[in-house]
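FYI, the numbering for the sequence shown is 1 to 294, going by UniProt numbering. Note sheet for the following structure.
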Amino acid sequence: MAVPFPELDPYETLKIGKEATDQEIKKSYRKLCLIYHPDKLKDSDDVEESRLRFEQVQFAHSILSDEKKKRRYDQTGSLEEIGDAESDFDWFEYFSKIKTEITEESIKLDKISYQGSEDEEQDIIEAFVESDGDFLSLFETVPHTEITAEDESRVYQIVDKLVNEGVVENSTQWKAYQSKRKQLWSKFVKTQEKLVSKEAKEAEELKKEILKKNNKKSLDTEDDLRQLIQAKRESNLNSLIDSLEAKYGAKEKKSGKKRKHEQDIDEEEFAKIQARLDKNKNSSKRKEKEKSKK
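Here you go:
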């Protein structure tokens with residue numbers, strides 16, 4: 001059976017360098033599993049994308065954690081030969097098995113052992129340094145952190161201790177957060193709540209449309225869920241095209257036809273859209289130059 005992601009870079013997928021140790025590979029793999037495991041995002045519109053990323057992480061780890069496969073990839077830079085050597089290997093079964101092994105319960109148990117550990121402290125240090133002391137960004141990168149007052153207080157104490165001990169720099173962003181901690185945290189929470197509320201509202205509206213279209217009372221099959229995900233993606237695509245056209249001055253001719261959905265746009269149509277956007281963009285630039293000359 002051919003490899004599932006022949007163009008994938010295992011190192012890039014696990015966010016590590018080629019000189020990474022076995023321990024570093026394992027650590028990064030574990031962290032990414034917690035972020036992308038489908039069960040963790042079961043109520044999210046991004047569950048399908050999460051499932052794909054989760055499988056890519058599993059595949060990358062299966063290569064880099066196996067000495068022979070890792071050596072073969074390092075020597076050739078290709079995953080095709082690995083697939084040829086394991087033509088009878090069932091990757092679908094492998095992914096299903098891994099997903100079953102990493103359950104919602106195991107994630108909860110991992111959270112208990114992770115929080116307060118040296119691993120968590122090291123992750124906080126790395127994330128804090130990488131973000132130049134942006135405290136709020138820790139809630140997007142450190143595993144198991146949740147946007148709650150309890151977690152804010154707990155992580156704040158850890159960072160404060162690290163700064164006082166000189167482990168991390170007392171950055172400008174950290175000082176700014178300290179001086180207006182209550183206001184900044186409250187603003188951050190409200191922003192996240194609005195984002196979640198907006199996405200939930202959009203999902204509910206799309207759900208109603210699908211139920212009405214199919215004359216159903218509930219989404220009770222995988223096909224129904226797939227329709228909801230597809231509709232959400234199409235909605236996002238239309239919003240993206242609208243924003244691009246507004247930005248570069250593109251104007252659509254009025255017609256009774258609705259814009260085609262994502263799956264209806266072939267390569268030729270996409271090229272035409274891109275050319276039209278580029279043309280308007282260049283036209284805008286020329287007008288700006290002419291104005292500056294005057």
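Every residue, glycine too, gets a C-beta built ideally from N, C-alpha and C.
- Taking one beta carbon from each stretch, the region 126 to 141 and the region 169 to 186 have 3 or more pairs nearer than 8 Å; the two touch.
- Burial state of residue 145 is buried, judged by a 10 Å Cβ sphere holding 16 or more other Cβ atoms.
- Looking from the CA of residue 32, the closest CA among 188, 51, 169 belongs to 51.
- Sequence-distant partners of residue 70 (beyond 5 residues in either direction) whose C-beta falls short of 7 Å from its own C-beta, in its chain, are 63, 64.
- If you keep only unbroken alpha helix (DSSP H) runs of at least 4 residues inside the region 144 to 168, you get 149 to 164.
- For the set 169, 168, 139, the Cα lying nearest the Cα of residue 188 is the one of 139.
- Take the alpha-carbon of residue 10 and the one of residue 117: they are about 27 Å apart.
- Under the 10 Å beta carbon count, residue 120 is surrounded by 16 or more other beta carbons and is classified as buried.
- In this structure, DSSP gives residue 142 a state outside helix and strand, which the three-state scheme calls coil.
- Out of 164, 75, 34, 124, the CA that lies nearest to the CA of residue 109 is found in 34.
- Judged by their CB atoms, residue 168 and residue 162 are nearer to each other than the 8 Å cut-off.
- With 16 or more other Cβ atoms inside 10 Å of its own Cβ, residue 58 counts as buried.
- Taking the CA atoms as reference points, residue 192 sits about 11 Å from residue 185.
- Counting only the Cα atoms, residue 112 lies some 24 Å from residue 22.
- Residue nearest to residue 123 within the set 13, 28, 66, 56 is 28 (criterion: CA-CA distance).
- Put simply, of 164, 115, 205, 129 the residue whose alpha carbon is nearest the alpha carbon of residue 150 is 115.
- With a beta-carbon spacing of about 7 Å, residue 79 and residue 8 fall inside the 8 Å limit used to define contacts.
- Only buried fits residue 152, as 16 or more other CB atoms lie within 10 angstroms of its CB.
- Annotated as distal: residue 128 and residue 56, with beta-carbon spacing of 8 Å or more.
- When secondary structure is reduced to three states using DSSP, residue 132 falls in the coil class, being assigned neither helix nor strand.
- The DSSP-derived three-state label of residue 115 is coil.
- In this structure, the beta-carbon distance from residue 53 to residue 73 does not fall below 8 Å.
- When 173, 205, 190 are compared, the shortest CA-CA separation from residue 148 is found for 190.
- One Cα belongs to residue 143, the other to residue 30, and the distance between them is close to 9 Å.
- Residue 141 and residue 68 have their C-alpha atoms some 32 Å from each other.
- For the set 170, 171, 25, 19, the Cα lying nearest the Cα of residue 60 is the one of 25.
- Closest by C-alpha distance to residue 171, out of 125, 201, 198, 197, is 125.
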